[in-house]
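Here it is in structure tokens:
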């Protein structure tokens with residue numbers, strides 16, 4: 023007998039875009055890290071917002087859960103269905119059109135399935151910049167970036183994904199279309215409804231398009247690697263860079279010795295540009311779109327003052343785009359190196375910027391007291407207080423035994439995060455991975471408000487069930 027739900031999906035999106043065979047659906051049923059595997063009744067690939075509306079209305083009539091999926095590059099299992107086999111995975115990759123670009127308004131409207139790197143190119147072609155940048159930008163999609171409020175390397179200057187969004191189009195759980203793509207900077211007419219959907223991980227609706235901020239394209243950039251005299255000097259160095267470079271400061275990334283060593287071990291051609299490899303370094307970058315601003319002079323004066331103040335022990339400044347790319351390759355090599363070294367227990371945490379050095383000290387001490395063999399790899403976006411505080415599998419321990427330690431290690435790290443008034447998820451979201459932890463760390467009032475919003479918009483709990491809440 024024909025499954026009426028499958029028949030309805032095929033009528034909406036066409037036979038080619040309703041996948042039911044195991045070979046065709048398999049890529050949509052596993053998360054990027056290979057931690058979560060699920061099952062689905064079908065994978066539907068709509069092309070328009072109207073098709074998304076029809077799919078959600080159909081699913082509601084049949085009581086079928088919907089799991090929205092962008093580029094499937096998430097790190098918390100938020101786009102993977104459970105193993106019940108009842109869900110429809112809604113993959114948005116066919117919705118990949120840039121509907122408009124208004125250079126005078128510094129905005130563009132893009133559909134949810136647009137690849138982030140394609141938005142970079144479209145903005146560049148119009149002599150503009152779309153600044154959201156992260157390692158998966160060649161495959162992640164803007165709808166998923168917004169649904170998880172993605173961060174990346176430029177948050178220090180430009181903010182998270184939610185700060186770059188002027189308006190949304192989204193299909194709500196009842197199939198109605200919320201549309202506000204005007205591109206206005208100021209609209210003081212009540213609740214900012216788009217912010218309910220940004221960061222909601224597909225639990226309140228399906229983002230189908232967004233109006234996004236653009237910026238003038240930089241005409242010059244300055245990049246350097248700085249050897250810290252001690253990690254405790256990072257905060258005063260950041261303050262100095264902010265004062266000396268003002269809004270030109272884009273990135274301020276913490277690089278640990280252990281991470282660089284892993285990169286050199288596993289990534290061919292990764293060269294360290296300083297004479298000595300210190301315990302802690304900073305990768306700093308600034309750029310400007312103004313020909314009147316002497317970026318290089320301000321950059322070098324700031325670093326000279328930091329050297330004189332004893333905040334840094336050594337520095338090297340890129341003199342070409344090639345050297346700048348090589349410095350960023352060191353940062354990228356940390357991620358690749360840790361992955362190649364073995365399993366990881368990941369913590370995407372944030373604490374107030376001024377507390378980062380103290381957090382690194384106390385969290386490290388607490389972990390080493392519980393497990394002397396622990397290998398800590400802490401790196402990332404120190405400029406906005408976001409540290410990827412990861413634990414790397416020891417050489418003499420099996421993967422399974424190492425990962426069995428996850429709950430105990432999570433508790434230690436997140437207790438320290440809470441002690442400093444921080445967050446257990448700075449940019450990766452909650453998904454399945456941190457759902458139980460969220461229950462422990464959020465206040466009862468916050469959790470109650472979140473549940474009430476979910477109940478109001480999705481009373482049948484069909485939108486990405488089992489995620490976030």
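In the working numbering, the protein residues as written are 23 to 491.
No residue lacks a Cβ here, since even glycine has one placed at the ideal position from N, Cα and C.
Query: With three or more C-beta pairs closer than 8 angstroms as the rule, is the region 405 to 419 touching the region 334 to 342?; Result: no
Query: Ignore the nearest five residues each way along the sequence and tell me which others in residue 482's own chain have a CB closer than 8 angstroms to its CB.; Result: 82, 85, 195
Query: Look at the alpha carbon of residue 213 and the alpha carbon of residue 382, and state the distance between them as a whole number of angstroms.; Result: 38 angstroms
Query: Under three-state DSSP, which class holds residue 410?; Result: strand
Query: Which residues in the same chain have their Cβ closer than 6 angstroms to the Cβ of residue 309, if we skip the five residues on either side of it in sequence?; Result: 240, 243, 272
Query: Around the C-beta of residue 146, are 16 or more other C-beta atoms found within 10 angstroms, so that it is buried, or is it exposed?; Result: exposed
Query: Would you identify the three-state DSSP class for residue 307, choosing helix, strand or coil?; Result: strand
Query: Please state whether the Cβ-Cβ distance between residue 399 and residue 274 is less than 7 angstroms.; Result: no
Query: Take residue 119 as the anchor and find which of 420, 144, 352, 317 has the nearest alpha-carbon.; Result: 144
Query: Strictly under 7 angstroms for the Cβ-Cβ distance: is residue 135 near chain C by that measure?; Result: The structure shown contains no chain C; it holds only a single protein chain.
Query: Taking the C-alpha atoms as reference points, what is the distance between residue 379 and residue 372?; Result: 12 angstroms
Query: What does the alpha-carbon distance come out to for the pair residue 71 and residue 456?; Result: 30 angstroms
Query: How far does the alpha helix (DSSP H) with residue 258 in it extend, from its first residue to its last?; Result: 256 to 267
Query: Could you check whether residue 435 and residue 230 sit closer than 7 angstroms to each other, using their CB atoms as the reference points?; Result: no
Query: What residue does the beta strand (DSSP E) around residue 189 start on, and which one ends it?; Result: 187 to 193
Query: Give the secondary structure of residue 277 by DSSP, where H, G and I count as helix, E and B as strand, and everything else as coil.; Result: strand
Query: Where does residue 321 sit, in a helix, a strand or coil, going by DSSP?; Result: helix
Query: Return the chain-ordered list of same chain residues with a C-beta closer than 6 angstroms to the C-beta of residue 162, the five sequence neighbours on each side being excluded.; Result: 93, 95, 138
Query: Please identify the residue among 25, 284, 167, 211 whose C-alpha is closest to the C-alpha of residue 234.; Result: 167
Query: For the beta strand (DSSP E) containing residue 120, list its first residue and its last residue.; Result: 120 to 124
Query: Taking Cβ to Cβ, would you say residue 98 is nearer than 7 angstroms to residue 369?; Result: no
Query: Buried or exposed: which applies to residue 297, given that a residue is buried once 16 or more other Cβ atoms fall within 10 Å of its Cβ?; Result: exposed
Query: Since residue 421 and residue 364 should fall inside the 8 angstroms C-beta cutoff, what is the C-beta to C-beta distance between them, to a whole number of angstroms?; Result: 7 angstroms
Query: I need the DSSP call for residue 346, collapsed to helix, strand or coil.; Result: helix
Query: When you compare only the Cα positions, how much space is there between residue 323 and residue 237?; Result: 26 angstroms
Query: For residue 133, list the residues DSSP reports as bridge partners.; Result: 231
Query: Give the range of the beta strand (DSSP E) segment to which residue 89 is assigned.; Result: 88 to 91
Query: DSSP three-state label for residue 244, please.; Result: strand
Query: Just the Cα atoms here: how many angstroms apart are residue 431 and residue 55?; Result: 19 angstroms
Query: May I ask you to report which of helix, strand or coil DSSP gives residue 302?; Result: strand
Query: Answer yes or no: the CB of residue 237 versus the heavy atoms of the ligand FAD, is any distance below 6 angstroms?; Result: The model depicted lacks the ligand FAD and carries no ligand whatsoever.
Query: Quick check on residue 402: does DSSP put it in helix, strand or coil?; Result: strand
Query: Touch check for the region 109 to 123 and the region 462 to 476: three-plus C-beta pairs under 8 angstroms?; Result: no
Query: So what does residue 485 bridge to, in DSSP terms?; Result: 88
Query: Are the beta-carbon atoms belonging to residue 253 and residue 294 less than 7 angstroms from one another?; Result: no
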